[in-house]
Amino acid sequence: MNKTLTGILGAAQGLFGILGAASGNVSQAVETGSAGNIFNIVSGAALGALGFGTSGTTQKTGVTIVSVLNALVGILGLSGVQLGNLNLGGTGGGIANIAVAVLGVVFTFLKSKKA
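Residue 376 is where the sequence shown starts when you use the working numbering, and the numbers rise one by one after that.
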């Protein structure tokens, strides 16, 4: 399992969520709603923590769970589904979530190089 890549993926997703939440222009450009931005921040933090600070077994389980949740949110976002008043995102946010899900699964099967 490649912890470094998982940690970087988490940092990137978290930054994506922070940029969307901090700037209405960024959020509008990538079509993420506030719920989508919050999800990206939380999911990014989880992936970052899993990548940089947990054992291999915990990381493998955690990344799988976070990846499945990202895929679900991405599919719901692309479908235009809203949970109450919460907009999960549009095209940009949905694609980003699905990409994170795919990369998370791929990184689960990559081996880290031993120094």
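For glycine and all other residues, C-beta sits at the position ideal for the given N, C-alpha and C.
This one's a predicted model, so the numbers in the text were calculated from it and none came from an experiment.
Spatial neighbours of residue i within its chain, please: CB distance less than 8 angstroms, with the 5 preceding and 5 following residues excluded, ordered by chain position.
i, result
"Gly459", "none"
"Ile383", "Gly426"
"Ala420", "Gly385 and Gly389"
"Ala387", "Gly419"
Just curious, the alpha helix (DSSP H) that residue i is in, first and last residue?
i, result
"Thr379", "Lys378 to Ala397"
"Gly419", "Ser409 to Gly428"
"Leu451", "Gly431 to Ser454"
"Leu478", "Thr466 to Phe484"
Using alpha carbons as the reference points, say which of the options lies closest to residue i.
i, options, result
"Phe484", "Thr436, Gly467 and Asn415", "Thr436"
"Val438", "Gly452, Ala397 and Gly423", "Gly423"
"Val475", "Ala446, Val456 and Gly411", "Ala446"
"Gly465", "Ala397, Ala387, Asn412 and Gln388", "Asn412"
"Val477", "Ala396, Leu444, Gln457 and Val417", "Leu444"
"Val456", "Gly431, Thr432, Ala410 and Ile440", "Ala410"
"Ser418", "Thr433, Ile440, Asn377 and Leu394", "Ile440"
Pull up the CB-CB distance for residue i and residue j, whole angstroms please, since I reckon it's below 8 angstroms.
i, j, result
"Phe482", "Leu390", "About 17 angstroms; that fails the 8 angstroms criterion."
"Gly385", "Asn415", "That belief does not hold up - the Cβ atoms of Gly385 and Asn415 are roughly 10 angstroms apart, past 8 angstroms."
Are the C-beta atoms of residue i and some chain C residue less than 9 angstroms apart?
i, result
"Gly431", "The structure shown contains no chain C; it holds only a single protein chain."
Between which residues of its own chain and residue i is the CB-CB distance below 7 angstroms, once the five residues before and five after are set aside?
i, result
"Ala490", "Low confidence applies to Ala490: its pLDDT is 49, below 50, so where it sits in the model is not reliable, and the reading given next is rough at best. Cβ within range, chain order: n/a, list empty."
"Leu453", "Thr466 and Gly469"
Going by beta carbon distance, what residues of the same chain come within less than 6 angstroms of residue i, once the five residues before and after it are set aside?
i, result
"Gly449", "Gly469, Asn472 and Ile473"
"Val480", "Ser442"
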